[in-house]
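Q: Residues 4 to 152 in the numbering used here are what the sequence shown lists, from first letter to last. No residue lacks a Cβ here, since even glycine has one placed at the ideal position from N, Cα and C. The structure that follows is given in the form of structure tokens.
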Amino acid sequence: MVNVKLFTKRLNEFADENNLVPKELAKALKQNEKCIYNWLSGKSKFLPTIENIINIADYFNCSVDYLVGVSDDDSKAKTKSDAMDFPKKFMLTVKEFDYNLYSLAREANISNTSVFYDWKNGKTSPRIDTLATVCKTLGCTIDYILERD
Numbered sequence: 004m005v006n007v008k009l010f011t012k013r014l015n016e017f018a019d020e021n022n023l024v025p026k027e028l029a030k031a032l033k034q035n036e037k038c039i040y041n042w043l044s045g046k047s048k049f050l051p052t053i054e055n056i057i058n059i060a061d062y063f064n065c066s067v068d069y070l071v072g073v074s075d076d077d078s079k080a081k082t083k084s085d086a087m088d089f090p091k092k093f094m095l096t097v098k099e100f101d102y103n104l105y106s107l108a109r110e111a112n113i114s115n116t117s118v119f120y121d122w123k124n125g126k127t128s129p130r131i132d133t134l135a136t137v138c139k140t141l142g143c144t145i146d147y148i149l150e151r152d
């Protein structure tokens, strides 16, 4: 599953490999420098938003699955600009794997289907840990549902 410590480790490795100090990384990712320090130091108990994770994966040309510790395969993924919008891809993927929102919630052990309706209608973006659970249930990668592979 999603691993905050592994995310921190991999983000540090990418920053080191690219000789980026937190200030430069913050500028490159258009983020608050304090957020970058928290992500790099492991002080943040939570992962960045899905949008920020995609931006980081795009910047370092890696898969989201690798970045958040779901996979050890560091193969490259498509950039965000190549992907369709998430609500549409989410619903297509649910149907592709022969689920409906209710059966997916039940199988993924997610107690409230309203989160899926919010995703479907573009009201909220998924949290990476919830998205990882959904992908595991469906039997696909996070990058697949984000249309990055």
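What do you reckon, are the CB atoms on V137 and A108 nearer than 7 Å?
A: Taking 7 Å as the Cβ cut-off, V137 and A108 do not qualify as a contacting pair.
Q: Could you have a look at I113 and say whether DSSP puts it in helix, strand or coil?
A: The answer is coil: DSSP assigns I113 none of H, G, I, E or B.
Q: Tell me whether F107 sits in a helix, a strand or coil according to DSSP, three-state version.
A: What sits at residue 107 in the sequence shown is Leu, not Phe. The answer is helix: DSSP assigns L107 an H, G or I state.
Q: Do I148 and T96 count as a contact pair if the criterion is CB distance below 7 Å?
A: It is a contact, given that the beta carbons lie within the stated cut-off.
Q: Do V5 and D146 have their C-beta atoms closer together than 7 Å?
A: No, these two residues do not count as a Cβ contact at 7 Å.
Q: Roughly how many whole angstroms lie between the Cα atoms of R151 and S66?
A: Those two C-alpha atoms are separated by around 8 Å.
Q: Buried or exposed, going by whether 16 or more other CB atoms sit within 10 Å of the CB of G72?
A: The residue in question, G72, is buried, as its Cβ has 16 or more Cβ neighbours within 10 Å.
Q: I think L186 touches A60, with their Cβ atoms under 8 Å apart; what is that distance to the nearest whole Å?
A: Missing from the structure shown is residue 186; the chain here goes from 4 to 152 and no further.
Q: How big is the Cα-Cα spacing for E20 and Y62?
A: Near 13 Å, if we compare the C-alpha coordinates of Y62 and E20.
Q: Using 10 angstroms around the beta-carbon of F89, count the other beta-carbons present and answer buried if the total reaches 16, otherwise exposed.
A: Under this definition F89 is a buried residue.
Q: How would you call T127, buried or exposed, if buried means at least 16 neighbouring beta carbons within 10 angstroms?
A: Exposed, since its Cβ has fewer than 16 Cβ neighbours within 10 Å.
Q: Would you identify the three-state DSSP class for P129, choosing helix, strand or coil?
A: Residue state, collapsed to three classes: coil.
Q: Check T96 in the structure and name its three-state DSSP category.
A: Of the three classes helix, strand and coil, the one that applies to T96 here is helix, per DSSP.
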